[in-house]
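J.: Input: one structure, supplied below.
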Amino acid sequence: MKSAQAGLAAFETRAGEAARTLLDNQGYDGGWGLTLTSVSSIVNTSEVLPILRAAGVGGQPVRRALDFLTGAIADHCRPRHKGGRGEHTRFIAFGLVGLLSHPRFFHHHGVAETAAWCVGWLEDHQVDHGWPEVLGLDDTSLHQTALAVHGLAELRDALHDLGPGLVLPGGAETSDLLDRVELLINHGVHGLLYHRRPSGAWGWRTYVDTDPSPSKTALCLLALSAVASGTGPGGDPAYRDDPREAGGVHGPVQHKRLSEAVVEAGKWLLHNHHRWETFVEDDKDVQGTAWEHMAYALCTQAAVRAGANPRDPRLAKAWTLMNDLWDPTARLWNEPGASGKRATIRAAYYTVSAYEEAVQRLARVSLSDSGAEDGSESSAAVVIEQVELGPGRTVRISARGSEGTTVCELTARLFDLVKAIFDAPANGLTTERIAATLYVAPSSVPKYVQRLNQAVSTAFGGAPARLLLAATVDELGGYRLAGQRPAGDGG
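If you read the sequence shown in numbering that gives the first Met the number 0, its first letter stands for residue 0, the second for the next number, and so on.
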């Protein structure tokens, strides 16, 4: 797993370099295309935004990209004879994910209005068991339905964070819009489960008894996971994970919770890793363009989301490929193909998504094989004793048994996280206060904490380290700095 460890250790740096490359090549219209010189598209612009988020980039580049999406989504969805690019569900599904990629920009001009417009489009154009690839086709598309469900789940979580009864720009009210979104999520979830195979996988086409598809299985897994993992008011689950009917199109009907369907799909992916670990899977159902899924990264992300340890040997070839696809000249990830490697937005998006999933997972299970998950200082190999803020965006860390200090350079967002807690009382800050300081959703705070601890671990040569520790602050969940003794702790 040396290549996997090398790729993970370099991820923070590479994500930053990729973000700089993308910013240097942002289109005059605010968008991006498949390659750095391609015409801007909704799909690729929506793929770039999570890469910028992973690198801690916000501000004007994100606003310009959101402006492109808010102007392009409805325009592209018009029929071709009316000047559009066709009535394709993917414009809505990808666009919705892009609009919700930076929740703190939800009040940016046009974002809420366009998100509500997407909800109306999905209401008007649903078919049995989901949504079609393009209007006029009755067959449900697993690809588009999974993407739509994923985007709707992100919108649901954003509306929960905003709270009930808030009138959004454009006139939509959060409670009413949330009710409509939840109905659409249920419609999409029902469709995805209907097409689920008894094996736990999904086929590459709906209604036809085709071979199982690793990419479609991964997409459905990620969509169902997004639905089941959301947080509602008061920290309660946003989705009631009761058993639901699964199957029916092929084989007998089963009853599965979404969490069970996710785990079983993850097991299928791991068991069949040889089918996707170095594979790019084409999708002939997508009309109007040649579509390829980066299965080696997409399926890795899904397997880890379902509970796999990133260091599982069955993921080794995929991690090795992703590490080898980094192009230091282009400062972007290549995608493999018969025509030779080329740096693309698509390859970068799926690779960054896989690495982010692994970073978050490793932060929970510890980078060592100890399996410690309690988040305490004693469960980390590096015991941090003192933390100082250095020049620029650096943090100077003194650890027990180490000579001198270790300097860790952070992204702007991660440094802001450390500074907020550094300036707080020794007891730390609640998750809500941290979210308000960073202008992010409370549900995003743990992800930033995990990325920060991963960056610190990397600075210590990969040894498990936790700069921020889970803490109870004012009887609420929060985080504190390692090395600081909370008030009232007589230790």
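Heads up, the beta-carbon is just placed ideally off N, CA and C, and yes, glycines get one too.
1) Determine, using beta-carbon pairs with one atom in the stretch 245-261 and one in the stretch 180-187, whether at least three such pairs fall under 8 Å.
2) Considering Cα atoms alone, identify which of L468, L413, E153, L220 is closest to A145.
3) Between the alpha carbons of S369 and T288, how many angstroms are there, rounded?
4) So P102 and V439 are in contact, right, with Cβ under 8 Å, and what is the actual spacing, rounded?
5) So does the stretch 425-444 actually touch the stretch 454-474, counting three or more Cβ pairs closer than 8 Å?
6) Can you give the beta carbon distance from L154 to V188, rounded, assuming they're within the 8 Å contact cut?
7) Under 6 Å Cβ to Cβ from N43, same chain only, skipping five residues before and after it: list those, please.
8) Compare the C-beta of V56 against all C-beta atoms of chain D and say whether one is closer than 8 Å.
9) Check C219 in the structure and name its three-state DSSP category.
10) In its own chain, which residues sit with a C-beta less than 7 Å from the C-beta of K418, not counting the 5 before and 5 after it?
11) Find out if the Cβ-Cβ distance for the pair A305, L314 is shorter than 8 Å.
12) Would a C-beta distance cut-off of 8 Å place G265 and A227 closer than the cut-off?
13) Can you find the residues in the same chain that come closer than 6 Å, C-beta to C-beta, to G26, ignoring five residues on each side of it along the sequence?
14) In chain order, which beta strand (DSSP E) runs of at least 3 residues are fully inside the stretch 49-104?
15) What alpha helix (DSSP H) runs, 4 residues minimum, are completely inside the stretch 312-347?
16) Please list, in chain order, all residues of the same chain as A317 whose beta carbon is under 6 Å from its beta carbon, the five residues on each side excluded.
17) When we look at the beta-carbon of E263 and count the other beta-carbons within 10 Å, is it buried (16 or more) or exposed?
18) If we call anything under 8 Å between Cβ atoms a contact, is T139 one with D127?
19) Which same chain residues, not among the five before or five after A17, have their C-beta less than 8 Å away from its C-beta?
20) Under the assumption that Y478 contacts V448 (Cβ atoms under 8 Å), give the Cβ distance between them as a whole number of angstroms.
21) Here's a check: name, in chain order, each residue in its chain whose Cβ is nearer than 8 Å to the Cβ of D137, leaving out the five neighbours to either side.
22) Taking a contact to mean a Cβ-Cβ separation below 8 Å, would you say D28 touches F90 in this structure?
23) Using DSSP with H/G/I as helix, E/B as strand and the rest coil, what is R236?
24) Alpha carbons only, please: which of V444, S174, V96, T88 is nearest the one belonging to A64?
25) Which word fits K283, buried or exposed, when buried means at least 16 other C-beta atoms lie within 10 angstroms of its C-beta?
26) Work out the CA separation of L466 and L121 for me, nearest whole Å.
27) On the three-state DSSP scale, how would you describe P211?
28) Using a Cβ-Cβ cut-off of 8 Å (strictly less than) and excluding sequence neighbours within five positions of K491, which residues of its own chain qualify?
29) What beta strand (DSSP E) runs, 3 residues minimum, are completely inside the stretch 408-432?
30) Using C-beta distances below 8 Å, list every residue in its chain close to G374, excluding the 5 sequence neighbours before and after it, in chain order.
31) In the DSSP assignment, what residue or residues form a beta bridge with T139?
32) Indicate whether L480 and R450 have their beta-carbon atoms separated by less than 8 Å.
33) Within a Cβ cutoff of 6 Å, which residues of the same chain sit near A71, ignoring the five residues on either side of it in sequence?
34) Three-state secondary structure (DSSP) at S401?
35) Does DSSP classify D23 as helix, strand or coil?
36) Taking its Cβ as the centre, do 16 or more other Cβ atoms sit within 10 Å of G150, making it buried, or is it exposed?
T.: This is what the structure holds:
1) No, the stretch 245-261 does not touch the stretch 180-187.
2) Per the Cα distances, L220.
3) Residue confidence for S369 is low, a pLDDT of 37 falling below 50, so the modelled location carries little weight; the figure read from the coordinates is stated next. Roughly 47 Å between the two C-alpha positions.
4) That belief holds up - the Cβ atoms of P102 and V439 are roughly 6 Å apart, short of 8 Å.
5) The way I'd put it, the stretch 425-444 does touch the stretch 454-474; three or more beta-carbon pairs between them come closer than 8 Å.
6) About 15 Å separates the CB atoms of L154 and V188; that is not less than 8 Å, and the two are not in contact.
7) Correct list, in chain order: W31, G32, L33, I344.
8) Considering every chain present, this structure includes no chain D. It has just one protein chain.
9) Helix.
10) Result list for K418: L388, in chain order.
11) A distance of 8 Å or more separates the beta carbons of A305 and L314.
12) Judged by their CB atoms, G265 and A227 are not nearer to each other than the 8 Å cut-off.
13) Contacts found: S39.
14) Positions of the beta strand (DSSP E) runs, each at least 3 residues long and wholly inside the stretch 49-104, cannot be given because no such run exists.
15) Those alpha helix (DSSP H) runs which fall completely within the stretch 312-347 and span 4+ residues are 315-323.
16) Excluding positions up to five away in sequence, the list reads E276, Y295, T299.
17) When all chains shown are included, E263 counts as buried.
18) Against a cut-off of 8 Å, the Cβ pair of D127 and T139 comes out as a contact.
19) The residues I50, A54, R330, L331, W332, A347, V351, in chain order, have a CB closer than 8 Å to that of A17 in the same chain once the five nearest residues on each side in sequence are set aside.
20) Going by Cβ atoms, the distance from Y478 to V448 rounds to 6 Å, so yes, they are a contact pair.
21) Cβ neighbours of D137 beyond the five flanking positions: V126, D127, P131.
22) No, they are not a contact pair.
23) Before going on, a small fix: residue 236 reads as Pro here, not Arg. In this structure, P236 counts as strand in the three-state DSSP scheme.
24) With distances taken between Cα atoms, A64 lies closest to V96.
25) So K283 ends up on the exposed side.
26) Rounded to the nearest angstrom, the two C-alpha atoms are 43 Å apart.
27) Three-state result, P211: strand.
28) This structure leaves residue 491 out entirely; the chain is present only between 0 and 490.
29) Runs found: none.
30) Per-residue confidence for G374 stands at a pLDDT of 43, beneath the threshold of 50, marking its modelled position as unreliable; the derived number appears in the next sentence. If we look at G374 and ignore the five residues flanking it on each side, its Cβ neighbours are R465, L468, A469.
31) Beta-bridge analysis with DSSP links T139 to P131.
32) In this structure, R450 does not lie closer than 8 Å to L480 by Cβ.
33) Excluding sequence positions up to five before and after A71, its CB lies within less than 6 Å of the CB of I41, all in the same chain and listed in chain order.
34) Three-state DSSP puts S401 in coil, outside helix and strand.
35) In this structure, D23 counts as helix in the three-state DSSP scheme.
36) By the 10 Å Cβ count, G150 comes out buried.
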